[in-house]
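Numbering (my numbering), first residue to last: 26 to 229. Worksheet for the structure shown next.
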(Lines of atoms letter the chains of each structure in order from A and count residues from 1; the text may use other names and numbers.)
(Lines give C-alpha, C1' and ligand atoms only; values in the text may rest on other atoms or scores of the structure.)
Protein backbone atom coordinates (compact mmCIF):
# COMPACT_ATOMS: atom_id res chain seq x y z
CA UNK A 1 0.00 0.00 0.00
CA UNK A 2 1.03 3.60 -0.53
CA UNK A 3 1.26 5.98 2.42
CA UNK A 4 1.30 9.73 2.04
CA UNK A 5 4.02 11.27 4.17
CA UNK A 6 3.34 14.68 5.63
CA UNK A 7 6.89 15.33 6.79
CA UNK A 8 9.36 13.55 4.52
CA UNK A 9 9.22 16.11 1.71
CA UNK A 10 10.64 18.77 4.04
CA UNK A 11 13.75 16.60 4.44
CA UNK A 12 14.42 16.62 0.70
CA UNK A 13 13.64 20.31 0.27
CA UNK A 14 16.82 21.21 2.12
CA UNK A 15 19.12 18.87 0.18
CA UNK A 16 21.72 20.51 -2.02
CA UNK A 17 21.55 18.35 -5.14
CA UNK A 18 25.04 19.48 -6.15
CA UNK A 19 26.53 17.96 -3.00
CA UNK A 20 26.97 14.28 -2.27
CA UNK A 21 24.88 13.09 0.66
CA UNK A 22 25.09 10.01 2.86
CA UNK A 23 21.86 8.28 3.85
CA UNK A 24 21.27 5.60 6.49
CA UNK A 25 18.26 3.32 6.00
CA UNK A 26 17.83 0.93 8.94
CA UNK A 27 15.74 -1.42 6.83
CA UNK A 28 16.75 -3.76 4.00
CA UNK A 29 17.70 -2.49 0.53
CA UNK A 30 14.30 -1.94 -1.07
CA UNK A 31 14.31 -1.43 -4.88
CA UNK A 32 11.99 1.59 -4.70
CA UNK A 33 14.30 3.38 -2.26
CA UNK A 34 17.39 2.62 -4.36
CA UNK A 35 15.59 3.94 -7.44
CA UNK A 36 14.42 7.08 -5.62
CA UNK A 37 17.89 8.04 -4.42
CA UNK A 38 19.44 7.38 -7.84
CA UNK A 39 18.45 10.95 -8.75
CA UNK A 40 20.77 12.30 -6.05
CA UNK A 41 24.52 12.21 -5.61
CA UNK A 42 24.14 9.78 -2.82
CA UNK A 43 25.81 7.05 -0.78
CA UNK A 44 23.15 4.71 0.60
CA UNK A 45 23.85 2.60 3.68
CA UNK A 46 21.38 -0.15 4.60
CA UNK A 47 21.65 -1.46 8.16
CA UNK A 48 18.73 -3.94 7.94
CA UNK A 49 18.28 -3.92 11.70
CA UNK A 50 15.11 -5.98 11.33
CA UNK A 51 17.24 -9.02 10.51
CA UNK A 52 19.81 -8.39 13.25
CA UNK A 53 20.00 -10.47 16.41
CA UNK A 54 20.37 -7.22 18.36
CA UNK A 55 16.80 -6.20 17.55
CA UNK A 56 15.43 -9.60 18.53
CA UNK A 57 17.33 -9.50 21.83
CA UNK A 58 16.35 -5.89 22.50
CA UNK A 59 12.68 -6.59 21.77
CA UNK A 60 12.72 -9.44 24.28
CA UNK A 61 13.71 -7.03 27.06
CA UNK A 62 15.92 -9.73 28.56
CA UNK A 63 19.38 -8.15 28.19
CA UNK A 64 21.13 -5.54 30.29
CA UNK A 65 21.73 -1.91 29.39
CA UNK A 66 25.42 -2.61 28.84
CA UNK A 67 24.62 -5.53 26.54
CA UNK A 68 22.20 -3.32 24.61
CA UNK A 69 24.91 -0.71 24.10
CA UNK A 70 27.36 -3.31 22.83
CA UNK A 71 24.78 -4.91 20.53
CA UNK A 72 23.73 -1.67 18.84
CA UNK A 73 27.29 -0.39 18.55
CA UNK A 74 28.07 -3.62 16.70
CA UNK A 75 25.15 -3.10 14.30
CA UNK A 76 25.95 0.58 13.72
CA UNK A 77 29.68 0.28 13.23
CA UNK A 78 30.89 2.63 10.49
CA UNK A 79 34.24 4.21 9.63
CA UNK A 80 35.39 7.07 11.81
CA UNK A 81 34.28 10.37 10.32
CA UNK A 82 31.07 8.98 8.82
CA UNK A 83 28.24 11.50 9.10
CA UNK A 84 24.76 10.82 7.81
CA UNK A 85 22.77 13.62 6.22
CA UNK A 86 19.52 11.64 6.42
CA UNK A 87 18.57 8.76 8.71
CA UNK A 88 15.48 6.72 7.86
CA UNK A 89 14.59 4.83 11.02
CA UNK A 90 11.14 3.75 9.82
CA UNK A 91 9.31 2.08 12.73
CA UNK A 92 12.30 0.49 14.45
CA UNK A 93 11.80 2.51 17.65
CA UNK A 94 8.34 0.95 18.00
CA UNK A 95 9.94 -2.46 18.58
CA UNK A 96 12.35 -1.30 21.27
CA UNK A 97 11.61 -1.14 25.00
CA UNK A 98 12.65 2.09 26.68
CA UNK A 99 16.25 1.12 27.60
CA UNK A 100 16.85 -0.10 24.05
CA UNK A 101 15.66 3.21 22.55
CA UNK A 102 18.32 4.97 24.61
CA UNK A 103 21.01 2.44 23.67
CA UNK A 104 20.12 2.70 19.99
CA UNK A 105 20.30 6.50 20.03
CA UNK A 106 23.68 6.41 21.77
CA UNK A 107 25.05 4.03 19.13
CA UNK A 108 23.74 6.23 16.31
CA UNK A 109 24.85 9.56 17.77
CA UNK A 110 28.53 9.50 16.68
CA UNK A 111 27.40 9.44 13.04
CA UNK A 112 25.10 12.45 13.29
CA UNK A 113 25.70 16.17 12.96
CA UNK A 114 23.59 19.18 13.85
CA UNK A 115 22.20 19.18 10.28
CA UNK A 116 21.23 15.50 10.12
CA UNK A 117 17.54 14.91 9.39
CA UNK A 118 16.13 11.86 11.20
CA UNK A 119 12.76 10.47 10.08
CA UNK A 120 10.83 7.75 11.90
CA UNK A 121 7.42 6.41 12.82
CA UNK A 122 6.07 5.67 16.26
CA UNK A 123 2.90 4.12 17.55
CA UNK A 124 0.84 5.22 20.52
CA UNK A 125 -1.01 1.91 20.92
CA UNK A 126 0.27 -1.65 21.07
CA UNK A 127 -2.58 -2.87 18.86
CA UNK A 128 -1.75 -1.18 15.55
CA UNK A 129 -2.53 -2.83 12.23
CA UNK A 130 0.39 -0.99 10.60
CA UNK A 131 3.07 -2.93 12.47
CA UNK A 132 5.25 -5.45 10.65
CA UNK A 133 5.75 -3.41 7.46
CA UNK A 134 8.67 -2.97 5.08
CA UNK A 135 9.14 0.69 4.15
CA UNK A 136 10.49 2.21 0.95
CA UNK A 137 10.31 5.60 -0.78
CA UNK A 138 8.35 6.04 -4.01
CA UNK A 139 8.31 9.83 -4.14
CA UNK A 140 9.30 12.70 -1.88
CA UNK A 141 5.89 12.59 -0.21
CA UNK A 142 4.90 8.96 -0.75
CA UNK A 143 6.06 5.73 0.87
CA UNK A 144 5.43 2.14 -0.14
CA UNK A 145 4.54 -0.27 2.67
CA UNK A 146 4.55 -4.05 2.29
CA UNK A 147 3.95 -6.67 5.00
CA UNK A 148 7.15 -8.28 6.20
CA UNK A 149 7.33 -12.02 5.65
CA UNK A 150 10.02 -12.46 8.28
CA UNK A 151 9.78 -12.09 12.04
CA UNK A 152 7.30 -9.56 13.41
CA UNK A 153 8.40 -8.08 16.72
CA UNK A 154 6.15 -7.18 19.65
CA UNK A 155 5.34 -3.45 19.65
CA UNK A 156 6.46 -1.01 22.32
CA UNK A 157 4.39 2.18 22.12
CA UNK A 158 6.17 5.40 23.14
CA UNK A 159 4.54 8.79 23.59
CA UNK A 160 6.25 11.89 22.24
CA UNK A 161 7.19 12.88 25.78
CA UNK A 162 8.72 9.46 26.39
CA UNK A 163 10.76 9.57 23.19
CA UNK A 164 12.06 13.03 24.05
CA UNK A 165 13.36 11.72 27.37
CA UNK A 166 14.78 8.46 25.96
CA UNK A 167 16.64 9.75 22.90
CA UNK A 168 20.13 11.07 23.56
CA UNK A 169 20.95 14.55 22.19
CA UNK A 170 17.96 14.45 19.86
CA UNK A 171 14.62 16.19 20.04
CA UNK A 172 11.32 16.03 18.16
CA UNK A 173 11.12 18.91 15.68
CA UNK A 174 7.83 17.91 14.00
CA UNK A 175 5.23 15.19 14.51
CA UNK A 176 2.06 14.29 12.64
CA UNK A 177 -0.50 11.64 13.57
CA UNK A 178 -1.64 9.64 10.55
CA UNK A 179 -5.22 8.40 10.22
CA UNK A 180 -3.94 4.81 10.47
CA UNK A 181 -2.54 5.45 13.95
CA UNK A 182 1.11 5.87 12.97
CA UNK A 183 2.88 8.89 14.44
CA UNK A 184 5.25 10.34 11.84
CA UNK A 185 8.20 12.10 13.43
CA UNK A 186 11.12 14.26 12.39
CA UNK A 187 13.97 14.36 14.88
CA UNK A 188 16.63 17.02 15.07
CA UNK A 189 20.09 16.60 16.52
CA UNK A 190 20.82 19.10 19.25
CA UNK A 191 23.45 21.61 18.16
CA UNK A 192 25.74 20.89 21.07
CA UNK A 193 26.23 17.36 19.75
CA UNK A 194 29.91 16.56 19.99
CA UNK A 195 31.96 13.39 20.25
CA UNK A 196 30.22 10.81 22.42
CA UNK A 197 32.25 10.04 25.50
CA UNK A 198 33.09 6.44 26.28
CA UNK A 199 31.36 6.94 29.61
CA UNK A 200 28.07 7.34 27.74
CA UNK A 201 28.19 3.67 26.92
CA UNK A 202 29.36 2.19 30.18
CA UNK A 203 31.81 -0.67 30.20
CA UNK A 204 32.05 -2.70 26.97
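By construction, the Cβ of each residue, glycine as well, lies at the ideal position given by its N, Cα and C atoms. Computed from a predicted model, the values in this text were never measured in an experiment.
When the beta-carbon positions are compared, residue 214 and residue 140 come within less than 9 Å of each other. DSSP places residue 64 in the coil class of the three-state scheme, outside both helix and strand. DSSP places residue 29 within a strand segment (E or B) once states are collapsed to three. Under the three-state reduction of DSSP output, residue 179 falls in the coil class, being neither helix nor strand.
For secondary structure counted as the alpha helix (DSSP H) over 4 or more consecutive residues, the region 49-118 holds these complete runs in sequence order: 56-62, 78-85, 90-100.
Assignment of residue 42 by DSSP, reduced to helix, strand and coil, places it in the coil class.
A straight line joining the alpha-carbon of residue 165 with that of residue 61 spans about 8 Å. In this structure the region 92-100 does not lie against the region 108-116, because fewer than three pairs of beta carbons, one per stretch, are closer than 8 Å. Buried is the label assigned to residue 116, since at least 16 other Cβ atoms lie within 10 Å of its Cβ. The beta carbon of residue 194 is closer than 7 Å to those of 134, 214, 215, 218 in its chain, skipping five residues each way along the sequence. Secondary structure note for residue 158: its beta strand (DSSP E) is the uninterrupted segment 158-164. Taking one beta carbon from each stretch, the region 162-182 and the region 27-42 have 3 or more pairs nearer than 8 Å; the two touch. Its chain contains 84, 178 as the residues whose beta carbon lies nearer than 6 Å to that of residue 120, once the 5 sequence neighbours on both sides are disregarded; these appear in chain order. In the DSSP secondary-structure assignment, residue 172 is bridged to 158.
With contact defined as three or more Cβ pairs closer than 8 Å, the region 72-79 and the region 141-148 are not in contact. With a cutoff of 9 Å on beta-carbon distance, residue 192 and residue 200 are scored as not near each other. Scanning 40, 55, 188, 204 for the CA closest to the CA of residue 125 turns up 188.
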